[in-house]
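Here the structure is laid out as C-alpha cells; the discussion comes afterwards.
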Amino acid sequence: MSYQLLSEPIRKFIRNKRWENLRPIQAAAISRIIETDNNYVLASRTSSGKTEAAFLPILSKVDFNRPGVQILYISPLIALINDQFFRIEELCENLEISVTKWHGEAKKSLKNQLLKNPNGVLLITPESIEAMFVNAPYNVSSLLGNLHYIVIDEIHSFLGVDRGLQLMSLLSRIQRLNKERIITIGLSATIGDENYYSAKLLIGDVDRTKILIDRTKKDTEVSFKYFKSESVELPLSLLKELYKETSVSKALIFPNSRGRVEEIAVKLLKISSKVGGHRNYFAHHSSVDKEIRESIERFAKEKEHFNFCITCTSTLELGIDIGTIDKVVQVDSTHSVASLVQRVGRSGRREGEMSLLSLYATNEWSLLQSLACWKLYQEDFLEPIKIIQRPYDILFHQMLSIVKQLSGCSKKELNDHLRSNPTFEHISSEDIDDLINQSIKSDYLESFERELIIGVTGEFIVNSREFYSVFSTELNFKVTHSGKVIGNIPYSPQVKKDENILLAASIWKIKDVDIKGAKIIVVPAKDGKKPKFFGRTGSIHKRVRAEMLRILMNSEGYEYLNVESHDEIDKLRADFNGFNIKDFEYDRPVIEKEGKLEVYTFTGSEINNTIVFLFKCFNCELHIDDSKSLIEVPETLDRFGEVLAQVIKLTQDEIHDYIIDELKANEGLIGFYKWGKYLPLEYQAYLLREKMFDFEGVFDLLTKINLCENEI
DNA sequence: GACCTGCTGCGGGCTG
49 MSYQLLSEPI
59 RKFIRNKRWE
69 NLRPIQAAAI
79 SRIIETDNNY
89 VLASRTSSGK
99 TEAAFLPILS
109 KVDFNRPGVQ
119 ILYISPLIAL
129 INDQFFRIEE
139 LCENLEISVT
149 KWHGEAKKSL
159 KNQLLKNPNG
169 VLLITPESIE
179 AMFVNAPYNV
189 SSLLGNLHYI
199 VIDEIHSFLG
209 VDRGLQLMSL
219 LSRIQRLNKE
229 RIITIGLSAT
239 IGDENYYSAK
249 LLIGDVDRTK
259 ILIDRTKKDT
269 EVSFKYFKSE
279 SVELPLSLLK
289 ELYKETSVSK
299 ALIFPNSRGR
309 VEEIAVKLLK
319 ISSKVGGHRN
329 YFAHHSSVDK
339 EIRESIERFA
349 KEKEHFNFCI
359 TCTSTLELGI
369 DIGTIDKVVQ
379 VDSTHSVASL
389 VQRVGRSGRR
399 EGEMSLLSLY
409 ATNEWSLLQS
419 LACWKLYQED
429 FLEPIKIIQR
439 PYDILFHQML
449 SIVKQLSGCS
459 KKELNDHLRS
469 NPTFEHISSE
479 DIDDLINQSI
489 KSDYLESFER
499 ELIIGVTGEF
509 IVNSREFYSV
519 FSTELNFKVT
529 HSGKVIGNIP
539 YSPQVKKDEN
549 ILLAASIWKI
559 KDVDIKGAKI
569 IVVPAKDGKK
579 PKFFGRTGSI
589 HKRVRAEMLR
599 ILMNSEGYEY
609 LNVESHDEID
619 KLRADFNGFN
629 IKDFEYDRPV
639 IEKEGKLEVY
649 TFTGSEINNT
659 IVFLFKCFNC
669 ELHIDDSKSL
679 IEVPETLDRF
689 GEVLAQVIKL
699 TQDEIHDYII
709 DELKANEGLI
719 GFYKWGKYLP
729 LEYQAYLLRE
739 KMFDFEGVFD
749 LLTKINLCEN
759 EI
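Going by the working numbering, the first sequence opens with residue 49, and the numbers climb by one from there.
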C-alpha cells in the first residue's frame with residue numbers, strides 16, 4: 049500500500065534491495081509524509097529503519113529541478129553524517145541528485161562546488177549552520193533559501209539542552225530565508241510520551257507537528273551481579289566474571305568514567321592473553337584519539353567473524369553504526385533511565401533476537417539504583433525533559449550572530465527578529481531592549497548612526513573559533529606540586545587561585561593557574577576545607593530515588609538478581625527496616641547520633657543540591673553524599689527543625705537575593721554556562737535558578753516531610 | 001561520582 053505511493057526510482061531501489069516488506073515505522077511514515085504536509089517526529093528504537101522511513105517518501109516527493117538545496121539533513125555528530133552519507137547516496141542512486149557533506153572535517157572543494165550550483169541533499173551540523181550565517185550570509189540564502197524539507201536526526205539528543213535551543217533558533221532563522229513553509233521531520237529514540245511536546249517545540253510549530261511512535265521493544269534478558277569493591281580498583285572476581293561472560297561474543301561494556309574504561313580494557317586483555325583468548329579488546333571514549341576510535345568502529349562493523357569487546361563511555365550510545373552486538377554490560381548504575389534505554393538498544397540488533405543485558409554493581413547503593421532504573425525501564429518511565437522558558441544566554445549568542453549576519457540593523461529590526469523567533473517567545477520585548485542596551489554599554493554591540501553593528505569587544509567574540517557552539521569543552525590542565533605531576537583535571541570555572549581541589553586522594557590549594565600552558569600549581573591544603581559542592585556530578589532524577597525507597601520498603605523478590613545481589617538488597621532492607629515509613633512520598637528516615645543528623649532524602653540530585661544551598665544561607669553547612677541521597681547535618685534534630693522552618697518561609701525575592709550573593713562570591717559559577725557570563729547579574733541569577741536548582745521540588749518536599757527515627 | 005557534542009578563513013610550505 050505504502051509502496052505504491054513511492055516514486056518509480058525509489059520503488060526500483062527497494063526492488064534491487066530485495067526488501068520483502070517495509071518496517072512498521074516506514075509504512076506509517078511513507079503514507080503520511082506523501083499525503084500530508086505536516087511535520088512529523090518518527091520515534092522508534094535504534095536500527096528500526098528511521099532514516100529510510102523519512103527519506104523514501106521525501107525523495108519521492110521532492111522536485112529536484114528547483115534551484116537551491118531541497119533537503120537539509122541535520123545531525124548532532126560528524127560521525128553520523130559520514131555514516132548517513134553512504135546510506136543516503138545509495139537511496140539516491142536512481143535519482144541523479146547530489147548529496148553533500150558539510151561539516152568541519154568535510155572537504156572544502158566539495159563545499160565550494162555546492163556553492164556554485166546549490167542543489168540536492170545537504171548533510172550538516174548545527175555549528176556549521178551557525179558558521180554559515182556568521183561568515184557567509186549571502187551563501188546561506190542561495191543555499192538554504194528554497195528548501196522543501198529539513199530532517200533532524202537523533203532529535204532527542206537536542207531536547208532539554210542548550211544545543212537544542214541553538215538549533216531551534218537556527219531553524220527559525222532558516223525559515224525566515226524561505227518564502228514557502230519548510231516541512232520538518234525529526235528522527236528520535238523513544239523518549240516518553242510527555243517529552244514529545246519538547247520535540248514539537250524544537251521543530252517550532254506545535255500544531256502542525258505529529259508524532260509517529262513504534263512502541264515495539266526487543267525482549268531483553270537481564271541479570272544482576274554483585275561484586276563488593278573495597279578499593280579504588282575493581283575486584284578481580286568482577287573482572288574474571290566479566291571476561292567469562294564476554295570472551296565469546298561481540299560485547300559492549302559501559303562503566304561510567306573514562307578511567308574505569310581504561311582499567312577494564314587493559315585488565316581484560318591481560319586475562320585474555322593469559323588464557324589464549326582473542327586480542328580484540330578496545331577502549332573507546334572522548335580522550336582516545338579520533339582515528340583510533342574510527343578504526344575500532346570499523347573493526348566492529350566489518351569484521352563479521354571476529355568476537356570483540358569494546359569498553360566505552362557514552363561515545364557509543366548514539367546511533368553510530370557498529371554492526372551487530374550480542375551483549376551489553378553496564379558496570380555500576382547508569383545516571384538515568386534514558387541512558388539505560390539507549391544502551392540496552394545497542395544489543396541484539398538482528399531481527400527477532402533477544403537483547404542480552406548484564407548489570408554489575410560494586411556497592412550496595414549503586415546496585416539499588418541500578419535495580420530502580422531497571423524497574424522504571426520496564427514501566428516505560430523516562431526522565432521528563434526540562435524546559436527553560438527564558439534562555440537569555442542563548443538569546444545573547446543569537447543576537448550577536450544575527451547582527452553579524454545582517455551586517456548591521458536597527459534596534460527595532462533586531463528586536464523584531466528575536467521576538468518572532470519561537471525560541472525566545474517567553475522573553476519580553478523590554479528584556480530584549482534592555483539586553484541590547486546593556487550589550488552596547490559593554491561594547492559587545494555598537495550603535496552607529498542608528499545602526500547596530502558588532503562592537504570592538506564583540507568582534508573578538510564573534511571572530512573566535514569558539515563562537516559557533518553553545519557548549520564549552522573541557523581542557524585538561526596538568527596539576528603539579530613543586531615540580532611533581534599529580535594528575536590531569538578538566539579546566540572548570542572553579543579552577544582559580546585559592547580554590548581547593550581534590551586529587552589523588554589529597555586536598556590541594558591552587559596557588560597559580562597558567563591558562564596558556566594549561567598548568568595548575570598547587571600546595572597541600574592546610575585548612576582541610578573541602579571543595580565546594582558545585583560541580584558536575586551525575587544528576588539523578590527524583591523518580592529514580594523514589595523507586596529506590598519503594599524497593600527498600602517492600603519485600604518482593606527478583607528472579608534476575610543473583611544470590612549475592614539479592615543478599616545485598618536484603619541487607620539494605622534490614623538497615624531500613626526499623627523506620628516506620630508509610631508514605632513513600634514524604635516519610636524520610638533520619639538518624640540522630642552524637643549531636644549530628646543523617647537524613648536520607650531519597651530525592652533527586654538537583655533537589656539535594658538546592659537544600660544544601662538554602663541551608664547555607666542560614667549558616668547551616670550541610671554535607672551531601674548524593675550517591676546515597678544522604679544529607680549530613682552537623683546539628684541536633686531540634687536545631688535542624690528550626691532552620692528548616694526558616695527555609696520554607698523564604699520568599700522568591702529573598703531567594704533571588706541569595707543567588708545574587710552567591711554569584712558575586714563565586715564568579716566562576718556562571719561559567720558553567722558558556723554565554724551566561726556576558727549577561728547582567730539579574731539575568732545570570734534567573735539562569736542559575738532555572739538550570740542548577742529546583743526550588744519548587746525543595747518546597748514540596750520540605751513543607752510536607754515527615755522525619756522518621758529508627759524505632760528498633 | 002560523569003559523560004558527550006563542533007569549528008572559519010587565511011597564508012605559507014609542500015607535492016604532483
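Every residue gets a Cβ at the ideal spot worked out from N, C-alpha and C, and that includes glycine.
Own chain residues within Cβ distance below 8 Å of residue 245, not counting five before or after | The residue you call residue 245 lines up with position 197 of the first sequence. Only 254 meet the Cβ criterion.
Do the segment 408-416 and the segment 370-379 touch if we need at least three Cβ pairs shorter than 8 Å?
-> yes
For residue 299, the three-state DSSP class (helix, strand or coil) | Translated into the one-based positions of the first sequence, residue 299 becomes position 251. Strand, per DSSP.
Is there contact between the segment 361-374 and the segment 323-334, where contact requires at least three CB pairs shorter than 8 Å?
-> yes
Nonlocal neighbours in the same chain, by C-beta distance under 8 Å from residue 581, ignoring five residues either side | Stepping through the first sequence from its first residue, residue 581 is reached at position 533. Per-residue confidence for residue 581 stands at a pLDDT of 41, beneath the threshold of 50, marking its modelled position as unreliable; the derived number appears in the next sentence. These residues qualify, in order along the chain: 657, 660, 672.
State the beta-bridge partners of residue 533 as determined by DSSP.
-> Reading the first sequence from its first residue, position 485 is the one you call residue 533. According to DSSP, residue 533 bridges with 528.
Are residue 608 and residue 270 touching if we call contact CB-CB under 8 Å?
-> Residue mapping note: residue 608 aligns to position 560 of the first sequence, counting from 1. Residue mapping note: residue 270 aligns to position 222 of the first sequence, counting from 1. In contact: residue 608 and residue 270 (Cβ atoms closer than 8 Å).
For residue 213 versus residue 373, is the C-beta distance shorter than 8 Å?
-> As a working mapping, residue 213 is identified with position 165 in the first sequence. As a working mapping, residue 373 is identified with position 325 in the first sequence. No, they are not a contact pair.
In whole angstroms, what is the alpha-carbon distance linking residue 670 and residue 453?
-> Looking up residue 670 in the first sequence gives position 622. Looking up residue 453 in the first sequence gives position 405. So the two alpha carbons sit approximately 49 Å from each other.
Could you give the distance in angstroms between the alpha-carbon of residue 570 and the alpha-carbon of residue 718?
-> For the purposes of this step, residue 570 is taken as the residue at position 522 of the first sequence. For the purposes of this step, residue 718 is taken as the residue at position 670 of the first sequence. Cα to Cα, the separation comes out at about 24 Å.
Which residues does DSSP pair with residue 413 in a beta bridge?
-> Stepping through the first sequence from its first residue, residue 413 is reached at position 365. Answer is none; residue 413 lacks a bridge partner.
Take residue 403 and list the residues in its own chain whose beta-carbon comes closer than 8 Å to its own, dropping the five residues that flank it on each side.
-> Here residue 403 refers to the residue found at position 355 of the first sequence. Cβ within range, chain order: 266, 267, 268, 269, 376, 392, 393, 395, 396.
Three-state secondary structure assigned by DSSP to residue 150 | Here residue 150 is taken as the residue at index 102 of the first sequence, counted from 1. Three-state result, residue 150: strand.
Between the CA atoms of residue 737 and residue 720 - distance to the nearest angstrom | Indexing the first sequence from 1 puts residue 720 at position 672. Indexing the first sequence from 1 puts residue 737 at position 689. Taking the straight line from one Cα to the other gives about 13 Å.
May I ask which residues mark the beginning and end of the beta strand (DSSP E) holding residue 3?
-> One cannot answer for residue 3 here, as it falls past the ends of the chain, which runs 49 to 760.
Thinking residue 526 and residue 567 are a contact (beta carbons under 8 Å), I'd like their distance in whole angstroms, please.
-> Within the first sequence, numbered from 1, the residue matching residue 526 stands at position 478. Within the first sequence, numbered from 1, the residue matching residue 567 stands at position 519. Going by Cβ atoms, the distance from residue 526 to residue 567 rounds to 5 Å, so yes, they are a contact pair.
Rounded C-alpha distance that separates residue 346 from residue 137 = Counted from its first residue, the first sequence places residue 346 at position 298. Counted from its first residue, the first sequence places residue 137 at position 89. Taking the straight line joining both Cα atoms gives about 19 Å.
Could you tell me which residues DSSP puts in a beta bridge with residue 649?
-> In the first sequence, counting from the first residue as 1, residue 649 sits at position 601. None, per the DSSP bridge assignment.
Using a threshold of 8 Å, state whether the C-beta atoms of residue 204 and residue 237 are closer than that.
-> Within the first sequence, residue 204 is the residue found at index 156, counting from 1. Within the first sequence, residue 237 is the residue found at index 189, counting from 1. Their beta carbons are under 8 Å apart, which means residue 204 touches residue 237 by this criterion.
Would you mind sorting residue 114 into buried or exposed? The rule is 16 or more other CB atoms within 10 Å of its CB.
-> Within the first sequence, the letter at position 66 stands for residue 114. With fewer than 16 other Cβ atoms within 10 Å, it is exposed.
Whose C-alpha, out of 482, 446, 458, is nearest the C-alpha of residue 466?
-> As a first step, residue 466 must be located in the first sequence, where it is residue number 418. The option with the nearest alpha carbon to residue 466 is 446.
Assigned exposure category for residue 622 - 16 Cβ within 10 Å defines buried = The residue given as residue 622 occupies position 574 in the first sequence. Classification of residue 622: exposed, given that the 10 Å Cβ count is below 16.
With DSSP as the reference, please indicate the residues paired to residue 556 in a beta bridge.
-> Taking the first sequence and counting its residues from 1, one reaches residue 556 at position 508. Bridge partners of residue 556: 549, 572.
Report the partner residues of residue 271 according to the DSSP bridge assignment.
-> Counted from its first residue, the first sequence places residue 271 at position 223. Beta-bridge pairing links residue 271 to 406.
Please work out which residues of its chain come closer than 8 Å, Cβ to Cβ, to residue 484, disregarding the five sequence neighbours upstream and downstream, and give them in chain order.
-> Numbered from 1 along the first sequence, position 436 holds the residue referred to as residue 484. Counting only Cβ-Cβ distances below 8 Å, and skipping sequence neighbours, we find 447, 459, 462, 463, 493, 500.
Between the Cα of residue 188 and the Cα atoms of 207, 165, 209, 201, which residue gives the shortest distance?
-> By 1-based counting over the first sequence, the position of residue 188 is 140. With distances taken between Cα atoms, residue 188 lies closest to 165.
According to DSSP, residues forming a beta bridge with residue 758 | For this step, residue 758 is matched to residue 710 along the first sequence. In DSSP, residue 758 forms a bridge with 627.
Neighbourhood of residue 275 by C-beta distance below 7 Å, restricted to the same chain and skipping five residues each side | Taking the first sequence and counting its residues from 1, the one referred to as residue 275 is at position 227. Excluding positions up to five away in sequence, the list reads 283, 285, 286, 408, 410.
Can you name the start and end residues of the beta strand (DSSP E) that residue 378 belongs to?
-> The residue given as residue 378 occupies position 330 in the first sequence. Residues 375-379.
With burial defined as no fewer than 16 other Cβ atoms inside 10 Å of the residue's Cβ, what is the status of residue 417: buried or exposed?
-> Here the question's residue 417 lines up with position 369 in the first sequence. Per the 10 Å Cβ criterion, buried.
Segment limits, alpha helix (DSSP H) that includes residue 747 = Numbered from its first residue, the first sequence carries residue 747 at position 699. First-last of the alpha helix (DSSP H) with residue 747: 743-752.
Cα-Cα separation between residue 546 and residue 169, rounded to whole angstroms = The residue labelled residue 546 in the question sits at position 498 within the first sequence. The residue labelled residue 169 in the question sits at position 121 within the first sequence. Near 53 Å, if we compare the C-alpha coordinates of residue 169 and residue 546.
So residue 501 is in the alpha helix (DSSP H); what residue range does that whole segment cover?
-> If you number the first sequence from 1, residue 501 lands on position 453. That residue, residue 501, is in no alpha helix (DSSP H); its beta strand (DSSP E) goes 499-502.
Residue 578 to residue 328 span [Cα, whole Å] | For this step, residue 578 is matched to residue 530 along the first sequence. For this step, residue 328 is matched to residue 280 along the first sequence. Residue placement at residue 578 is poorly supported in this model, since its pLDDT is 49, which falls under 50; the coordinates are not used for a value here.
CB-CB under 7 Å to residue 561, same chain, minus the five flanking residues each way: which ones, in chain order?
-> Start at 1 with the first residue of the first sequence, and residue 561 comes out as number 513. Here the set comprises 543, 544, 545, 568.
Would you decide whether residue 512 is buried or exposed? Buried here means 16 or more other CB atoms lie within 10 Å of its CB.
-> Taking the first residue of the first sequence as position 1, residue 512 is located at position 464. Flag for residue 512 reads exposed.
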